[in-house]
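Q: One structure is given below, represented as structure tokens, and several questions about it will come after.
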Amino acid sequence: MGAALLEFCRTTGVYGLSFGAILMLGVACLLLYLAIVRGFEPLLLVPIAFGVLLTNLPFAGLMKPPVLEITAAAVHTVEPGGLLYYLFQGDHLGIFPPLIFLGVGAMTDFGPLIANPRSLLLGAAAQFGIFITFIGAIASGLFTAQEAASIGIIGGADGPTAIFLSSKLAPHLLGAIAIAAYSYMALVPIIQPPIMKMLTSKAERSIRMSQLRHVSKKEKILFPIIVTIIVSLIVPAAATLVGMLMLGNLFRECGVVGRLEDTAKNALINIITIFLGVTVGATATAEQFLKVETLAILLLGVIAFAMGTASGVLLAKVMNKFSRTGINPLIGSAGVSAVPMAARVSQVVGSKEDPTNFLLMHAMGPNVAGVIGSAVSAGVLLSLFGH
Amino acid sequence: MDISELLAKFGDPATIGSLSFADKMLAGLVATVLGMGVTFVALIVLHGVIVLLGRLTDQPAVEQPTETEKEPSAEAIGADTVAAITAALALVLRTSPDSLVVREIKRVEDTAPAWGRVGLIERLRSGD
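Residue numbers (the numbering used here), protein chains in the order written: chain A, 1 to 387; chain B, 1001 to 1128.
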């Protein structure tokens, strides 16, 4: 009887609790607190944090791979894997992030970008943060080129892109990178304003921009088709992300597939967000997460955001010098994707100088250009360091 | 060691350890120039195409007062709705839809109070 009781006790999670697991459960609870009480990106952080919680429960085996018996004739599943292991294959095989992009495309209005195509340059400049961080990660000596590229992409401020690239180049760092990317995206209103103010003068922050021209329906329909063809011809590795983004946008703009648009931007993106969030969180097991590398990733991630913001603002300053119509440098910081948070930050910082100056729509141009820019940069990194 | 050889070693996790710090930095710099270069080129080409597109679709690049887009009118009734209403009428009147000619369908503004509407729905339901 006693022996049986002891045996039972050994199968309980309490017996298997390690210090690392307890710490990770604490991290999960902290993230849940930030999401629920503080409202930090709750739609993403709640599933991610709960994924962290689930994966660190001892003996629960939610991320356990299946035990297979491979014979010459067939593959038998001796013991099936955990639920999250199977859902994780959507991240691992790079399926979920492009599907998220489909929904993002269906929600995004590229009108401000078409009306002011110069925004594209700002969207490109802000990707500098990715590469500065990449060099920083290499210089730290802790990471391989693949790992450094995955860390750098945090600077793209684009969760799905970061997950897509790191699942291909450094899957073992996926949890830390995704958590860093989404946490910093939530912290954009805190990280960006001091940098924007430091790099601009009061006069520059008060610049009023001329009203955006009207964009015709025809342009809006042709835009996703043209972008897909051009970007995929230049960087084939970016075709998956850009293609799905633009397909979603075509659903939105073409006006004949309302039901598909509705599914892409509501039901589908919500379902995928649940799967993606929980499984990304589930990669953060104590053994994988509690390392020096994670601290380095968190540090390098914030540098990536800061550098991306700075390079966007600086290019906008230069463009303002050479442009006939004024360009408020504050819109440059929106080039680091993080749609629409970064554009909102431009608006807020601008309205502090002049409450009647509305920069939001102007900032949406670089903001959505940043999504294309970071997908292109991810494509370049993938073709340089994939395989 | 030429640049492509350096990049190949740099890109291989098995051989990156054999590179000196300076070599790694050089390779990182090359990747940065390449990455930013391609990103800029791709987006500059897009810029050109969008400007061209604006001209081709007869949208002058100069600013114009923004027009408010017309919402599709709530009054516009599609052919499907007309068919559905005709079918419903035919059923209620117990005639063939062919013998009915729909000349006009008007949306009636429902100003009845909520309680009145609930009463009406209940009466209609109890009718069958």
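The beta carbon of each residue, even a glycine, is placed where N, CA and C say it ideally should be.
From A:Ile-274 to A:Arg-324, what distance separates their C-alpha atoms?
A: Looking up residue 274 of chain A in the first sequence gives position 274. Looking up residue 324 of chain A in the first sequence gives position 324. Distance between the alpha carbons of A:Ile-274 and A:Arg-324 is about 47 Å.
Q: With respect to the beta strand (DSSP E) encompassing A:Leu-68, which residues constitute its N-terminal and C-terminal limits?
A: On the first sequence, position 68 is the one that residue 68 of chain A refers to. Run containing A:Leu-68: 67-70, per the beta strand (DSSP E) assignment.
Q: So what does DSSP say about A:Glu-41, is it helix, strand or coil?
A: Here residue 41 of chain A refers to the residue found at position 41 of the first sequence. Three-state result, A:Glu-41: coil.
Q: Verify the CB distance criterion: does A:Glu-253 have a CB-CB separation below 8 Å to chain B?
A: Taking the first sequence and counting its residues from 1, one reaches residue 253 of chain A at position 253. Judged by the 8 Å Cβ criterion, A:Glu-253 is not in contact with chain B.
Q: List in chain order: all unbroken alpha helix (DSSP H) runs of 4+ residues lying wholly within the stretch 168-222 of chain A.
A: With a minimum length of 4 residues, the continuous alpha helix (DSSP H) runs that stay inside the stretch 168-222 of chain A are 174-186, 188-199 and 202-205.
Q: Using a Cβ cut-off of 8 Å (strictly closer), state whether A:Glu-261 contacts chain B.
A: For the purposes of this step, residue 261 of chain A is identified with residue 261 of the first sequence, where counting begins at 1. Output row for A:Glu-261: interface = no.
Q: Specify the secondary structure class of A:Glu-79 as computed by DSSP and reduced to three states.
A: Taking the first sequence and counting its residues from 1, one reaches residue 79 of chain A at position 79. Of the three classes helix, strand and coil, the one that applies to A:Glu-79 here is strand, per DSSP.
Q: Between A:Gly-94 and the rest of its own chain, which residues show a CB-CB distance below 8 Å, the 5 nearest in sequence each way excluded?
A: Here residue 94 of chain A corresponds to residue number 94 of the first sequence, with the count starting at 1. Cβ within range, chain order: Phe-164, Ser-167, Lys-168 and Thr-240.
Q: Would you say A:Gly-301 reaches chain B, if we count a Cβ-Cβ gap shorter than 8 Å as a contact?
A: Against the first sequence, residue 301 of chain A aligns to sequence position 301. So no, A:Gly-301 is outside the interface.
Q: Nearest CA to the CA of A:Phe-388: which residue from A:Ser-150, A:Ala-124, A:Leu-212 and A:Thr-200?
A: This structure gives no information on residue 388 of chain A, because the portion of chain A shown stretches from 1 to 387.
Q: Output, in chain order, the set of chain B residues within a Cβ distance shorter than 8 Å of A:Ile-135.
A: To locate residue 135 of chain A, count along the first sequence from 1; it is residue 135. Those within 8 Å of A:Ile-135 in chain B are Met-1025, Gly-1028, Leu-1029 and Thr-1032.
Q: Nearest chain B C-beta to A:Val-388 closer than 8 Å, yes or no?
A: Only positions 1 to 387 of chain A appear in this structure, which leaves residue 388 of chain A out of reach.
Q: Look at the alpha carbon of A:Gly-175 and the alpha carbon of A:Ile-234, and state the distance between them as a whole number of angstroms.
A: The residue you call residue 175 of chain A lines up with position 175 of the first sequence. The residue you call residue 234 of chain A lines up with position 234 of the first sequence. Their Cα atoms are separated by approximately 30 Å.
Q: Would you say B:Gly-1054 lies against chain A (beta-carbon separation less than 8 Å)?
A: Walking along the second sequence from the start, residue 1054 of chain B turns up at place 54. Closer than 8 Å to some Cβ of chain A, the Cβ of B:Gly-1054 qualifies, so yes.
Q: Is there at least one Cβ from chain B nearer than 8 Å to A:Ile-331's Cβ?
A: Reading the first sequence from its first residue, position 331 is the one you call residue 331 of chain A. Not one chain B Cβ lies under 8 Å of A:Ile-331.
Q: Report the option in A:Leu-17, A:Thr-285 and A:Phe-358 whose CA atom is closest to the CA atom of A:Met-209.
A: Taking the first residue of the first sequence as position 1, residue 209 of chain A is located at position 209. The shortest Cα separation from A:Met-209 among A:Leu-17, A:Thr-285 and A:Phe-358 belongs to A:Phe-358.
Q: Secondary structure at A:Phe-164, three-state DSSP: helix, strand or coil?
A: Counting from one through the first sequence, the residue named residue 164 of chain A turns up at place 164. In the structure shown, A:Phe-164 sits in a helix (DSSP, three-state: H, G or I).
Q: So A:Ser-377 and A:Ala-157 are supposed to be a Cβ contact under 8 Å. How far apart are they, rounded?
A: Sequence index remark: in the first sequence, residue 377 of chain A carries index 377 (1-based). Sequence index remark: in the first sequence, residue 157 of chain A carries index 157 (1-based). With a Cβ gap of about 12 Å, A:Ser-377 and A:Ala-157 do not count as contacting.
Q: Alpha carbon to alpha carbon, how far is A:Cys-9 from A:Leu-57? Give it in angstroms, no decimals.
A: The residue labelled residue 57 of chain A in the question sits at position 57 within the first sequence. The residue labelled residue 9 of chain A in the question sits at position 9 within the first sequence. For A:Leu-57 and A:Cys-9, the distance between alpha carbons rounds to 15 Å.
Q: Just to confirm the assignment, what range does the alpha helix (DSSP H) spanning B:Leu-1029 have?
A: Translated into positions along the second sequence, residue 1029 of chain B becomes position 29. Note, B:Leu-1029: alpha helix (DSSP H), 1021-1056.
Q: Looking at the structure shown, is A:Phe-322 part of a helix, part of a strand, or coil, going by DSSP?
A: Within the first sequence, the letter at position 322 stands for residue 322 of chain A. DSSP places A:Phe-322 in helix when its eight states are reduced to three.
Q: Under 8 Å, do A:Gly-105 and A:Asn-249 count as touching if we go by C-beta distance?
A: Indexing the first sequence from 1 puts residue 105 of chain A at position 105. Indexing the first sequence from 1 puts residue 249 of chain A at position 249. The answer is yes: Cβ separation under 8 Å.
Q: Please report the straight-line C-alpha distance between A:Ala-284 and A:Ile-22, rounded to a whole angstrom.
A: Counting from one through the first sequence, the residue named residue 284 of chain A turns up at place 284. Counting from one through the first sequence, the residue named residue 22 of chain A turns up at place 22. So the two alpha carbons sit approximately 13 Å from each other.
Q: Which stretch, first to last residue, makes up the alpha helix (DSSP H) that contains A:Phe-143?
A: Here residue 143 of chain A refers to the residue found at position 143 of the first sequence. From DSSP, A:Phe-143 is part of no alpha helix (DSSP H); its letter is neither H nor E.
Q: Any C-beta of chain B sitting closer than 8 Å to the C-beta of A:Val-318?
A: Residue 318 of chain A sits at position 318 when you count from the first residue of the first sequence. Output row for A:Val-318: interface = no.
Q: At what residues does the alpha helix (DSSP H) containing A:Gly-94 begin and finish?
A: Residue 94 of chain A sits at position 94 when you count from the first residue of the first sequence. No alpha helix (DSSP H) holds A:Gly-94; DSSP gives it neither H nor E.
Q: Can you check which of these residues, B:Met-1001, B:Asp-1002, B:Phe-1010 and B:Ile-1003, is closest to A:His-387 by C-alpha distance?
A: For the purposes of this step, residue 387 of chain A is taken as the residue at position 387 of the first sequence. Per the Cα distances, B:Phe-1010.
Q: For A:Ile-207, go through chain B and note every residue whose CB falls closer than 7 Å to its CB, in chain order.
A: Counted from its first residue, the first sequence places residue 207 of chain A at position 207. Near A:Ile-207 there are no residues of chain B at all, since even the closest Cβ is about 16 Å away, more than 7 Å.
Q: Expressed to the nearest angstrom, what Euclidean distance is found between the alpha-carbon atoms of A:Gln-146 and A:Lys-321?
A: Along the first sequence, read from residue 1 onward, the residue named residue 146 of chain A stands at position 146. Along the first sequence, read from residue 1 onward, the residue named residue 321 of chain A stands at position 321. Distance between the alpha carbons of A:Gln-146 and A:Lys-321 is about 38 Å.
Q: For A:Glu-253, which residues from the same chain have a beta carbon less than 6 Å from its beta carbon, with the 5 sequence-adjacent residues on both sides left out?
A: As a first step, residue 253 of chain A must be located in the first sequence, where it is residue number 253. Here the set comprises Lys-220 and Ile-221.
Q: So B:Thr-1057 contacts chain A; which residues on that side make the cut at Cβ distance below 8 Å?
A: Against the second sequence, residue 1057 of chain B aligns to sequence position 57. Ser-216, Lys-218, Glu-219 and Leu-222, listed in chain order.
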